[in-house]
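Enquirer:
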Amino acid sequence: MNDTNSELLAALESADQIKVGDVVTGEVLAIDNDNQAVIGLHTGEEGVVPAREYSDDRSVNLADDLKVGDSIETVVVSNVTSDKEGVAYLLSKKRLEARKAWEKLSFAEGDVVDATVLNAVRGGLIVDVAGIRGFVPASMVAERFVSDLNQFKGQDIKAEVIEIDPAKARLILSRKAVAAQERAEKLQEAFSRLTVGEVVEGTVARLTDFGAFVDLGGVDGLVHVSEISHDRVKNPADVLSKGEKVNVKILALDTERGRISLSIKATQPGPWDEVAEKAPAGTVLEGTVKRVKDFGAFVEIFPGIEGLVHVSQISHKRVENPADVLKSGDKVKVQVLDVKPQEERISLSMKALEEKPANKREDHEDSHGASRADVAAYQQDDEGAATLGDIFGDKL
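Per the UniProt record's numbering, the very first residue in the sequence shown carries number 1; after that it's consecutive.
#1: Can you name, in chain order, every residue of its own chain whose Cβ lies under 8 angstroms from the Cβ of Val-20, other than the five neighbours on each side?
#2: Should Asp-294 go down as buried or exposed, given a rule of 16 or more other Cβ atoms within 10 Å for buried?
#3: Considering only DSSP beta bridges, list what Tyr-89 is partnered with.
#4: Closest by CA to Thr-267, which one among Leu-251, Leu-105, Thr-255, Pro-303?
#5: Alpha carbon to alpha carbon, how far is Val-214 from Lys-93? Give it in angstroms, no decimals.
#6: According to DSSP, what are the bridge partners of Pro-137?
#7: Tell me, please, which residues DSSP counts as bridged to Leu-285.
#8: From Ala-352, Pro-166, Ile-228, pick the residue whose C-alpha is nearest to that of Lys-333; which is it?
#9: Mind checking Ala-370: buried by the 16 CB within 10 Å criterion, or exposed?
#10: Among Val-292, Leu-326, Lys-356, Leu-285, whose alpha-carbon lies nearest the alpha-carbon of Leu-337?
#11: Would you check if the region 42-56 and the region 98-113 touch, i.e. whether three or more CB-CB distances between them fall below 8 angstroms?
#12: Would you check if there are 3 or more beta carbon pairs closer than 8 angstroms linking the region 170-177 to the region 186-203?
#13: Identify which residue in Ala-184, Glu-277, Glu-143 has its Cα closest to the Cα of Arg-257.
#14: Compute the Euclidean distance between the alpha carbons of Ile-264 and Val-112, then round it to the nearest angstrom.
#15: Cβ of Val-38 versus every heavy atom of the ligand ZN: is any distance shorter than 6 angstroms?
#16: From Gly-296 to Lys-331, what does the alpha carbon distance come to, in whole angstroms?
#17: Taking the straight line between their C-alpha atoms, what separation do you get for Gly-110 and Asp-128?
#18: With DSSP as the reference, identify every bridge partner of Thr-255, one or two as the case may be.
#19: Among Ile-132, Val-68, Leu-118, Gln-155, which one has its Cα closest to the Cα of Leu-96?
#20: Residues in the same chain with beta-carbon distance under 7 angstroms from Arg-206, minus the five sequence neighbours each way, listed in chain order, please.
#21: On the DSSP bridge list, what partners appear for Arg-345?
#22: Assuming Gly-202 and Leu-216 form a contact by the criterion Cβ under 8 angstroms, report the distance between their Cβ atoms to the nearest whole angstrom.
#23: Quick one: using the 10 Å Cβ neighbour count with 16 as the cut-off for buried, is Ala-376 buried or exposed?
#24: Helix, strand or coil for Asn-247 per DSSP?
#25: Between Asp-165, Val-24, Lys-234, Ser-147, which lies nearest to Val-121 when the distance is taken from Cα to Cα?
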């Protein structure tokens, strides 16, 4: 054989050789039990496409997408050693699609693009941008820290391109700035449609120690813990749950700081609404001592309703320190002296239910059994009536 024929034969043999990185078209010969497709190549050799190299969808079943005889285009990833006779190459369909997408790259750093979240990993989100696999670091997912990234799986999001390196197939994106802009736009729209004082329906979006954030249709408003219920709430999670529908009253719209203040309790009947009918002056009730102060004791007579028994109304006997005769949790009987629902005040007396000592002069006592001196002390500086601050004290 002359040199010319030898060179031609070598060239033909070289043309038939398959190399890593080559794009090859083959025929599906079988789908095996390991969820991978066996592909027949033009050289007479075989390659294999595992499900992980076919699609980013981890649940894909190749038998649903391919059938024997189908033609498929792939890229050669590597030479392999296989128990299956004739299988010589690891092939990938998804890497070929990614390569083609990089070749058709139509965006640059700084552009805002549409992305689909494929998966959530410890460090952030894996996304698809026009066929290119990208990554959104956890610190760039939202304006605030997001503890559960799984909530984004399957969502279509907008993100800003931070870094592109085609040579390394590297695409880094940020959703943070885009999310801030979207939130600003939604806030502006919300401020234009919401009015202070109106009652609207919302959905509990998240719970914190200091309150609940309620979604009003793309924007969140805060229900402070003190505005959740007329009853005392220590932990918002005890009375509310994420996803719960609630009616809220708009308390304030702060356009400068982009904040919406809400109240749930303002939409509900308050404990003071019917107290004047349930406990008019002269009514005798049983209550529970809640707090003891130097000037008297606060007694709960209905759920959420506390009245003040001034030190002068505890007993006909002189009481220097209310703590000497009363303690939190004591059950006591009291008589209502005065009710002012609008001011959320109610004055109570224990002394009025006691028999008057024989040595007390009647002309020095009022109709409730309190001496004029006691009444004067009780009324001085309005100490005899429970103010809202007195009643809720530590609660506010």
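C-beta atoms are modelled at their ideal positions from N, C-alpha and C, and glycine is treated no differently.
Expert: The answer reads as follows:
#1: Counting from one through the sequence shown, the residue named residue 20 turns up at place 20. Hits under 8 angstroms: Val-76, Val-77, Ser-78, Asn-79.
#2: For the purposes of this step, residue 294 is identified with residue 294 of the sequence shown, where counting begins at 1. If you draw a 10 Å sphere on the C-beta of Asp-294, you find fewer than 16 other C-beta atoms in it, and that means exposed.
#3: Walking along the sequence shown from the start, residue 89 turns up at place 89. DSSP lists Gly-47, Asn-79 as the bridge partner or partners of Tyr-89.
#4: The residue you call residue 267 lines up with position 267 of the sequence shown. Selection Leu-251, Leu-105, Thr-255, Pro-303 evaluated against Thr-267 yields Leu-251 as nearest (Cα-Cα).
#5: Walking along the sequence shown from the start, residue 93 turns up at place 93. Walking along the sequence shown from the start, residue 214 turns up at place 214. Between the alpha carbons of Lys-93 and Val-214 lies a distance of about 45 angstroms.
#6: Translated into the one-based positions of the sequence shown, residue 137 becomes position 137. According to DSSP, which records beta bridges pairwise, Pro-137 is partnered with Gly-124.
#7: Walking along the sequence shown from the start, residue 285 turns up at place 285. Paired residues: Val-334.
#8: In the sequence shown, counting from the first residue as 1, residue 333 sits at position 333. Out of Ala-352, Pro-166, Ile-228, Ala-352 has the C-alpha closest to the C-alpha of Lys-333.
#9: One-based indexing of the sequence shown puts residue 370 at position 370. With a pLDDT of only 46 at Ala-370, under 50, the local geometry of the prediction cannot be trusted, and the value read off the model is given with reservation. Residue burial is scored here from C-beta neighbours: Ala-370 has at least 16 other C-beta atoms within 10 angstroms and is therefore classed as buried.
#10: As a first step, residue 337 is located in the sequence shown; it is residue number 337 there, counting from the start. The shortest C-alpha separation from Leu-337 is found at Leu-285.
#11: With a cut-off of 8 angstroms, the region 42-56 and the region 98-113 do not count as touching, because too few Cβ pairs lie within range.
#12: The region 170-177 makes no contact with the region 186-203, as fewer than three CB pairs between them are under 8 angstroms.
#13: Locating residue 257 in the sequence shown gives position 257, where the first residue counts as 1. The option with the nearest alpha carbon to Arg-257 is Ala-184.
#14: On the sequence shown, residue 264 is found 264 positions in, with the first residue counted as 1. On the sequence shown, residue 112 is found 112 positions in, with the first residue counted as 1. If you take the alpha carbons of Ile-264 and Val-112, they lie about 38 angstroms apart.
#15: By its list of ligands, the structure shown contains no ligand whatsoever, and the ligand ZN lies outside what it can speak to.
#16: Here residue 296 corresponds to residue number 296 of the sequence shown, with the count starting at 1. Here residue 331 corresponds to residue number 331 of the sequence shown, with the count starting at 1. Distance between Gly-296 and Lys-331, taken at the CA atoms: about 15 angstroms.
#17: Here residue 110 is taken as the residue at index 110 of the sequence shown, counted from 1. Here residue 128 is taken as the residue at index 128 of the sequence shown, counted from 1. Straight through space, the alpha carbons of Asp-128 and Gly-110 are spaced by roughly 17 angstroms.
#18: The residue given as residue 255 occupies position 255 in the sequence shown. When DSSP reads this structure, Thr-255 sits in no beta bridge, so it has no partner.
#19: As a first step, residue 96 is located in the sequence shown; it is residue number 96 there, counting from the start. For Leu-96, the nearest C-alpha among the options comes from Ile-132.
#20: Your numbering for residue 206 matches position 206 in the sequence shown. Same-chain partners within the cutoff: Phe-213, Lys-242.
#21: Your numbering for residue 345 matches position 345 in the sequence shown. The beta-bridge partner set that DSSP reports for Arg-345 consists of Lys-340.
#22: Here residue 202 corresponds to residue number 202 of the sequence shown, with the count starting at 1. Here residue 216 corresponds to residue number 216 of the sequence shown, with the count starting at 1. About 5 angstroms; that satisfies the 8 angstroms criterion.
#23: Within the sequence shown, the letter at position 376 stands for residue 376. With a pLDDT of only 47 at Ala-376, under the threshold of 50, the placement of this residue in the model should not be trusted, and no figure is reported.
#24: For this step, residue 247 is matched to residue 247 along the sequence shown. Strand.
#25: Taking the first residue of the sequence shown as position 1, residue 121 is located at position 121. The candidate whose alpha carbon is nearest that of Val-121 is Ser-147.
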